[in-house]
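Report on the following structure.
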């Protein structure tokens, strides 16, 4: 969607009917006769399936193989970075597939109609017109750009958890000193787990602003206490005041992709592990983000930042490859913003080896990328580090969110 908005492409969608019934089976699969089909004296017979049906383990793979072959016959090229994305050779057409739901982005209406016709000739497909609703997302296409959000889903979550009339708050993280020190376990653990599942769906898709808070709460799904439930309600109260917040991808903006990497240090008081966070912007708007506790304990802030940067670098490599395919223009390098000078020094100056030799080899991956010029690190002031709210309950939360 970000690339399509940048190029001012038309965005439409299609839905394939009875998708799993389109592929002949390559294996011998037998099925018990359905109820009402069995004839007297033939109870011992079974049905041999010629085509896949819903319920078979092979069905999704069979359908994907059939659709893949057909799209390639329409002169589309499958992405090496994401096998669910196909592009035309000239970069003027993008097709994104999720099982039987298809998004088509095209520069010209003639190319769009040609692709729709090619798909409909082979499969029973519904032309859904302009992209508006997709996998729970609401897509609002305007003259100046595209808005993507989940306001209806957010309201349903609040109603389901009886929080639709709660008072709103300005941050999804409970301020220090507000938590209940008494450890009283919740009676209804399933309620807590259901709430976390619903919030994770929001955090992953369109709400990076609640990503850190939700991940922190998700660590306690096994045995949540009333204090943990207070933290979940804090997130819900924040959502109450930000129901209509969405991601905005402007039309025609020529800015390149940029990444931000950040970390706290020993933020988890139970095991003293740090939290890594990164966010990547295309045309100034988030397209990829992550907040995750690190696997090992860092001995300093610089080490924690270095380990977080290694994780962000892996995502940067994938982003470069994917965007290079989507825009039909290979990317040679990417800019990453980092707010720790010692971390940047570790990537550029090997003489610090004595202080970093205990760090696992996998984290030195980023040093090699910097040496080759693939990753270009730039220092960023802490107050301008927008990935800050993915690693802690930041004091500059509102500024980061903008």
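In the numbering used here, the protein residues as written are 758 to 1159. By construction, the Cβ of each residue, glycine as well, lies at the ideal position given by its N, Cα and C atoms.
- Assigned with DSSP and collapsed to three states, residue 1121 falls in helix.
- Rounded to whole angstroms, residue 1141 and residue 1067 show a C-alpha spacing of 21 Å.
- Here residue 901 is near residue 1007, since their CB atoms are less than 8 Å apart.
- Residue 1007 is bridged by DSSP to 902.
- For residue 1100, same chain residues with a beta-carbon under 7 Å away, outside a window of 5 residues either side, are 1059, 1062, 1063, 1066 in chain order.
- With a 10 Å radius around the Cβ and a threshold of 16 neighbouring Cβ atoms, residue 916 comes out exposed.
- Here the segment 796-809 makes no contact with the segment 884-899; the two share fewer than three CB pairs at distances below 8 Å.
- Using a C-beta cut-off of 8 Å, the segment 813-826 makes contact with the segment 774-788, since at least three inter-stretch Cβ pairs fall below that distance.
- Ranked by Cα distance from residue 1010, the options 1040, 1118, 986, 993 are led by 1040.
- Residues 857, 880, 882 of the same chain have their beta carbon placed closer than 6 Å to that of residue 773, with the five preceding and five following residues left out of the count.
- Membership of residue 985 in the alpha helix (DSSP H) is indicated by the continuous run 983-998.
- Here residue 949 carries a helix assignment [DSSP, helix/strand/coil].
- The residue among 989, 909, 976, 904 with its C-alpha nearest the C-alpha of residue 931 is 989.
- Taken atom to atom, the span from the alpha-carbon of residue 1054 to that of residue 1121 is near 16 Å.
- Under the three-state reduction of DSSP output, residue 1077 falls in the helix class.
- Taking the C-beta atoms as reference points, residue 968 is found nearer than 8 Å to residue 1147.
- Pairing residue 762 with residue 1081, the inter-Cα distance amounts to about 16 Å.
- For residue 1100, the uninterrupted alpha helix (DSSP H) run begins and ends at 1098-1105, by DSSP.
- Residue pairing by DSSP places residue 1091 opposite 1132 in a beta bridge.
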